[in-house]
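**Q** Taken in sequence, the protein lines are chains A and B. Heads up, the first sequence is in our numbering, so the first residue is 1 and it goes up one at a time. Heads up, the second sequence is in our numbering, so the first residue is 448 and it goes up one at a time.
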Amino acid sequence: MTYMHDGNFDIGDINKDTYSIKLDEISKIEGAASLEIKVTDGKVEDLKFSISEWKRFYTQAIQGKPVTAIPPLVARICGTCSNAHLLASLEAVENALSIKISDQTLLLRKLIFHGLIIRDHALHLYIFALPDVFKKNSILDFDMNDPVQHEFLDDAFAVKEVGNQLSIVVGGRSVHAPYPTVGGFLKLPKLDEIKNLVTSLKSIRPKVLKLIDLFAHSSFFHEVQAPFVFTSLVSKDFSYLEGTIQTSRGDMINEKEFGNHLNAVVIPYSHARGFSYDGQLMMVGAIARLTLGKQYLNPKTIESVKDLLPFFPTKNLFYNNLAQAIEILHSIDQSIEIIESLQAIQPEAPIKGAMKESTGVGVIEAPRGTLYYKLEIDEKGVVKRGEIVVPTGQNQVIMERAIREIVEELLSKNAVQEKIIYEVEKFIRAFDPCMSCASHFLKVKWK
Amino acid sequence: MAKIRIGWFTFTCCEDSTIVFTELLNKHYKEWFEKFEFVHARILQKDDSKEIQQMDFAFVEGAISSDAQETKLKKIREMSTTLVAIGACAVTGAPSNQRNFFNEMQKKEIRDVLDKFKYKDKVMKLSEVVKVDIAVPGCPMNEQIFLELIKKVINNTTQSS
Numbered sequence: 001m002t003y004m005h006d007g008n009f010d011i012g013d014i015n016k017d018t019y020s021i022k023l024d025e026i027s028k029i030e031g032a033a034s035l036e037i038k039v040t041d042g043k044v045e046d047l048k049f050s051i052s053e054w055k056r057f058y059t060q061a062i063q064g065k066p067v068t069a070i071p072p073l074v075a076r077i078c079g080t081c082s083n084a085h086l087l088a089s090l091e092a093v094e095n096a097l098s099i100k101i102s103d104q105t106l107l108l109r110k111l112i113f114h115g116l117i118i119r120d121h122a123l124h125l126y127i128f129a130l131p132d133v134f135k136k137n138s139i140l141d142f143d144m145n146d147p148v149q150h151e152f153l154d155d156a157f158a159v160k161e162v163g164n165q166l167s168i169v170v171g172g173r174s175v176h177a178p179y180p181t182v183g184g185f186l187k188l189p190k191l192d193e194i195k196n197l198v199t200s201l202k203s204i205r206p207k208v209l210k211l212i213d214l215f216a217h218s219s220f221f222h223e224v225q226a227p228f229v230f231t232s233l234v235s236k237d238f239s240y241l242e243g244t245i246q247t248s249r250g251d252m253i254n255e256k257e258f259g260n261h262l263n264a265v266v267i268p269y270s271h272a273r274g275f276s277y278d279g280q281l282m283m284v285g286a287i288a289r290l291t292l293g294k295q296y297l298n299p300k301t302i303e304s305v306k307d308l309l310p311f312f313p314t315k316n317l318f319y320n321n322l323a324q325a326i327e328i329l330h331s332i333d334q335s336i337e338i339i340e341s342l343q344a345i346q347p348e349a350p351i352k353g354a355m356k357e358s359t360g361v362g363v364i365e366a367p368r369g370t371l372y373y374k375l376e377i378d379e380k381g382v383v384k385r386g387e388i389v390v391p392t393g394q395n396q397v398i399m400e401r402a403i404r405e406i407v408e409e410l411l412s413k414n415a416v417q418e419k420i421i422y423e424v425e426k427f428i429r430a431f432d433p434c435m436s437c438a439s440h441f442l443k444v445k446w447k
Numbered sequence: 448m449a450k451i452r453i454g455w456f457t458f459t460c461c462e463d464s465t466i467v468f469t470e471l472l473n474k475h476y477k478e479w480f481e482k483f484e485f486v487h488a489r490i491l492q493k494d495d496s497k498e499i500q501q502m503d504f505a506f507v508e509g510a511i512s513s514d515a516q517e518t519k520l521k522k523i524r525e526m527s528t529t530l531v532a533i534g535a536c537a538v539t540g541a542p543s544n545q546r547n548f549f550n551e552m553q554k555k556e557i558r559d560v561l562d563k564f565k566y567k568d569k570v571m572k573l574s575e576v577v578k579v580d581i582a583v584p585g586c587p588m589n590e591q592i593f594l595e596l597i598k599k600v601i602n603n604t605t606q607s608s
């Protein structure tokens with residue numbers, strides 16, 4: 001096979017066994033990341049996977065602001081999963097102010113979130129990962145005369161659009177949704193507009209089954225050798241928004257306690273901070289959710305993918321792609337079920353809480369994994385301190401470890417540098433890292 | 448007919464306008480893929496070019512945080528006939544420029560990071576660095592303004608060629 005020429009890397013030395021590879025801006029991921037590999041005498045001497053986004057210091061920026069102003073601000077941490085930041089921070093604020101949201105509010109938030117999962121996973125799988133499957137540079141290079149490629153291109157935009165519409169109808173917009181607010185909704189969606197979505201949700205189901213089939217039969221493979229633990233918020237309806245934190249070593253903890261188990265790992269060459277779980281390598285995201293909560297997928301989803309569910313648990317981290325594809329199907333089936341059971345939208349006003357000195361934690365499963373918010377407020381409701389831990393921070397350490405394993409394996413097979421770069425980029429994309437999220441707010445102490 | 452050469456660039460921001468752009472593709476990809484050549488667009492493709500290529504339109508989102516970003520933006524300006532600032536951070540600097548307004552305590556907290564990675568003292572909007580021809584404001588960018596702009600771009604180019 002031939003490898004794509006990449007003008008984005010520099011190959012240092014001409015000596016066959018000693019060289020360095022530098023990838024400045026890895027393409028088709030969310031945000032900017034870079035990778036430096038130094039090979040000496042055919043062995044990896046140094047490997048640095050770093051996040052190269054420029055920080056915007058949200059942790060500092062939220063200090064001194066009224067707590068009710070925080071959710072729309074932190075939504076701006078990330079354009080891709082802004083509604084995840086919105087809903088996680090809303091939960092943290094509501095917990096701080098002892099607000100118990102209504103069943104309707106929770107249900108509508110779940111719908112917004114299923115919309116996010118559909119459009120965000122679809123962006124990743126179709127636009128970022130699919131070209132790797134077809135050995136193309138880009139979805140722009142798909143051959144329109146090839147019926148299979150043509151159909152996948154059309155599917156990409158059809159599936160994304162349904163998720164987009166679901167977020168727009170229920171949340172007001174798919175990016176930085178304006179309707180959800182502390183205690184409820186500023187504006188409630190219209191029942192008939194929500195009901196109208198069922199037809200389009202049903203129409204993309206067969207397309208997603210095809211996508212699942214594609215990633216289930218993909219030859220992409222790397223089993224991580226290093227010991228690690230999967231962690232995820234697990235809920236009975238696989239809603240991404242509720243439940244308890246569970247791990248693949250059997251822990252079950254309240255989301256309020258999650259922060260106590262996360263240990264910051266300083267990575268001096270990265271703009272962002274990594275994390276471990278009680279000192280162990282950790283992995284979050286769709287692959288962790290399927291491993292820990294697959295029994296709670298929608299029954300229709302389980303029926304459609306019952307032959308594939310035994311693939312989880314797995315150490316083949318490329319199955320994160322498959323797990324995401326299955327989650328799209330679940331979010332479609334779950335949305336249809338929720339919408340069909342909706343009888344009316346009650347004209348509820350947002351519930352107001354009393355300001356008090358307090359701490360609130362909000363944890364949800366963002367598309368790429370567990371997202372943790374902790375807000376400390378004073379008696380006037382002004383934020384004293386905030387802590388935000390994003391999925392890509394939790395995955396950063398294992399991601400670098402796994403890249404090293406892949407490079408070492410390829411070197412042992414005498415792979416050429418172009419092959420190494422191609423394989424590593426493909427692997428990083430399967431992780432679906434989100435650099436906007438990862439880099440913009442954490443306080444780092446340098447030695 | 449030659450395709451319209453466009454570039455899509457991201458500096459310091461949350462990439463919300465890029466996401467809106469990829470959602471607008473849902474309904475417009477057939478027309479846009481036919482009319483546009485994506486010379487630079489890291490969200491869609493690997494970028495083979497070491498240097499910034501000549502473009503008819505450069506769409507730029509995000510604010511400027513570092514000297515390297517400033518140099519790149521000037522190069523984009525040089526190589527583009529029309530430069531379009533996309534979204535609030537590019538047009539106004541905010542909210543990515545929030546550290547410009549930090550108090551002394553907040554500034555002290557972030558000082559080490561700024562020094563270590565050589566951040567600029569202040570975050571700048573695009574027009575503080577280069578001439579901006581067209582601005583599409585909004586956080587994320589206003590979809591209607593963007594769509595009207597694209598319609599004009601396609602119509603004008605079709606008529607003039």
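Ideal placement from N, C-alpha and C gives every residue a C-beta, glycine not left out.
Which class does residue 152 of chain A belong to by DSSP, given the choice of helix, strand or coil?
**A** Here residue 152 of chain A sits in helix by DSSP.
**Q** In whole angstroms, what separates the C-alpha of residue 19 of chain A from that of residue 38 of chain A?
**A** Going by the C-alpha atoms only, they are around 6 Å apart.
**Q** Could you check where the beta strand (DSSP E) with residue 364 of chain A kicks off and where it finishes?
**A** Residues 358-366.
**Q** Report the neighbours of residue 476 of chain A on chain B: residues whose CB is nearer than 7 Å to its CB, in chain order.
**A** Since the first residue of chain A shown is 1 and the last is 447, residue 476 of chain A is not available in this structure.
**Q** How many Å lie between residue 502 of chain B and residue 485 of chain B at the Cα?
**A** Cα to Cα, the separation comes out at about 9 Å.
**Q** Report yes if the CB atom of residue 262 of chain A is closer than 7 Å to the CB atom of residue 88 of chain A, and no otherwise.
**A** Cβ atoms of residue 262 of chain A and residue 88 of chain A: not closer than 7 Å.
**Q** Compute the Euclidean distance between the alpha carbons of residue 364 of chain A and residue 525 of chain B, then round it to the nearest angstrom.
**A** Approximately 45 Å between the Cα atoms of the pair.
**Q** If the cut is a Cβ gap below 8 Å, which residues of chain B does residue 164 of chain A touch?
**A** Residues of chain B passing the Cβ test: 470, 473.
**Q** Residues of chain B with a CB under 9 Å from the CB of residue 161 of chain A: which are they?
**A** Here the neighbours are 470, 473, 474.
**Q** What residues match up with residue 228 of chain A in a beta bridge as DSSP calls it?
**A** Beta-bridge pairing links residue 228 of chain A to A:281.
**Q** Please report how far the alpha carbon of residue 441 of chain A lies from the alpha carbon of residue 56 of chain A, in whole angstroms.
**A** Caution is warranted here: a pLDDT of 36 is assigned to residue 441 of chain A, below 50, making its placement in the model unreliable, and the coordinate value is therefore given only provisionally. If I take the Cα positions, the gap works out to 6 Å.
**Q** If contacts are defined as beta-carbon pairs under 8 Å, then residue 229 of chain A and residue 280 of chain A qualify, I think. What distance do you get, rounded to the angstrom?
**A** Indeed they touch by this definition, with Cβ atoms about 5 Å apart.
**Q** For residue 493 of chain B, decide whether its Cβ has a neighbour in chain A, counting only Cβ atoms nearer than 7 Å.
**A** Answer yes: the Cβ-Cβ gap between residue 493 of chain B and chain A drops below 7 Å somewhere.
**Q** Decide if residue 145 of chain A is buried, meaning its Cβ has at least 16 other Cβ atoms within 10 Å, or exposed.
**A** With fewer than 16 Cβ atoms within 10 Å of its Cβ, residue 145 of chain A is classed as exposed.
**Q** Since residue 266 of chain A and residue 276 of chain A are thought to touch, with beta carbons under 8 Å apart, how far apart are those beta carbons, to the nearest angstrom?
**A** Going by Cβ atoms, the distance from residue 266 of chain A to residue 276 of chain A rounds to 11 Å, so no, they are not a contact pair.
**Q** By Cβ distance below 6 Å, which residues in the same chain neighbour residue 253 of chain A in space, the five residues on each side in sequence not counted?
**A** Within the same chain, residue 253 of chain A has close Cβ partners 245.
**Q** Any beta carbon of chain B sitting closer than 7 Å to that of residue 417 of chain A?
**A** Taking Cβ atoms only, chain B never reaches closer than 7 Å to residue 417 of chain A, which makes this a no.
**Q** Could you work out which residues of chain B lie near residue 112 of chain A, taking near to mean beta carbons separated by less than 9 Å?
**A** Residues of chain B passing the Cβ test: none, with the nearest at roughly 15 Å.
**Q** Terminal residues of the continuous alpha helix (DSSP H) containing residue 325 of chain A?
**A** It spans 319-341 - the alpha helix (DSSP H) in which residue 325 of chain A sits, taken as one unbroken run.
**Q** Within 7 Å (strictly less), CB to CB, does residue 11 of chain A reach chain B?
**A** For residue 11 of chain A, the predicted structure reports a pLDDT of 40, less than 50, and the residue's modelled location is therefore unreliable. A value from the coordinates is still provided. Residue 11 of chain A does not count as touching chain B.
**Q** Near residue 73 of chain A, which residues of its chain fall below 8 Å by C-beta distance, leaving aside the five closest residues on each side in sequence?
**A** Result list for residue 73 of chain A: 58, 61, 62, 65, in chain order.
**Q** For residue 23 of chain A, go through chain B and note every residue whose CB falls closer than 9 Å to its CB, in chain order.
**A** What residue 23 of chain A touches in chain B: nothing, since even the nearest Cβ is about 10 Å away.
**Q** Taking Cβ positions, are residue 232 of chain A and residue 177 of chain A nearer each other than 7 Å?
**A** In this structure, residue 177 of chain A does not lie closer than 7 Å to residue 232 of chain A by Cβ.
**Q** I want to verify the contact list: residues of chain A whose CB lies under 9 Å from the CB of residue 546 of chain B, in sequence order.
**A** In chain order: 55, 56, 57, 60, 61.
**Q** Spell out the partners DSSP gives residue 492 of chain B in its beta bridges.
**A** Note: residue 492 of chain B sits in no beta bridge, so no partner.
**Q** For a contact defined as C-beta to C-beta under 7 Å, what are the partners of residue 175 of chain A on chain B?
**A** 463, 466, 467, 587, listed in chain order.
**Q** Between A:125, A:78, A:54, A:181, which lies nearest to residue 562 of chain B when the distance is taken from Cα to Cα?
**A** Nearest option by C-alpha distance: A:54.
**Q** To the nearest angstrom, how far is the alpha carbon of residue 179 of chain A from that of residue 343 of chain A?
**A** Whole-angstrom Cα-Cα distance: 20 Å.
**Q** Going along the chain, which residues of its own chain have a beta-carbon closer than 6 Å to the beta-carbon of residue 444 of chain A, five neighbours each way excluded?
**A** Annotation note: pLDDT 27 at residue 444 of chain A (below 50); position unreliable, coordinate value reported separately. Hits under 6 Å: 273.
**Q** Less than 7 Å between the beta carbons of residue 250 of chain A and residue 369 of chain A, yes or no?
**A** No. Outside cutoff.
**Q** Counting only C-beta atoms, is residue 543 of chain B closer than 7 Å to chain E at any point?
**A** Of the protein chains in the structure, A and B, none is chain E.
**Q** Quick one: is residue 410 of chain A buried, meaning 16 or more other Cβ sit within 10 Å of its Cβ, or exposed?
**A** That one is buried.
**Q** Nearest to residue 164 of chain A by CA position, among A:427, A:332, A:388, is which residue?
**A** Residue 164 of chain A has its Cα closest to that of A:332, out of A:427, A:332, A:388.
**Q** Would you mind giving the Cβ-Cβ distance between residue 373 of chain A and residue 361 of chain A, rounded to the nearest angstrom? I have them listed as a contact below 8 Å.
**A** Contact holds; Cβ gap of about 7 Å.
**Q** Give the C-beta separation of residue 588 of chain B and residue 512 of chain B to the nearest angstrom, bearing in mind that I take them to be a contact with Cβ-Cβ under 8 Å.
**A** Rounded, the Cβ-Cβ distance is 20 Å, inconsistent with contact.
**Q** Any residues in the region 367-391 of chain A with a beta carbon nearer than 7 Å to a beta carbon of chain B? Which ones, in chain order?
**A** The residues in question: there are none.
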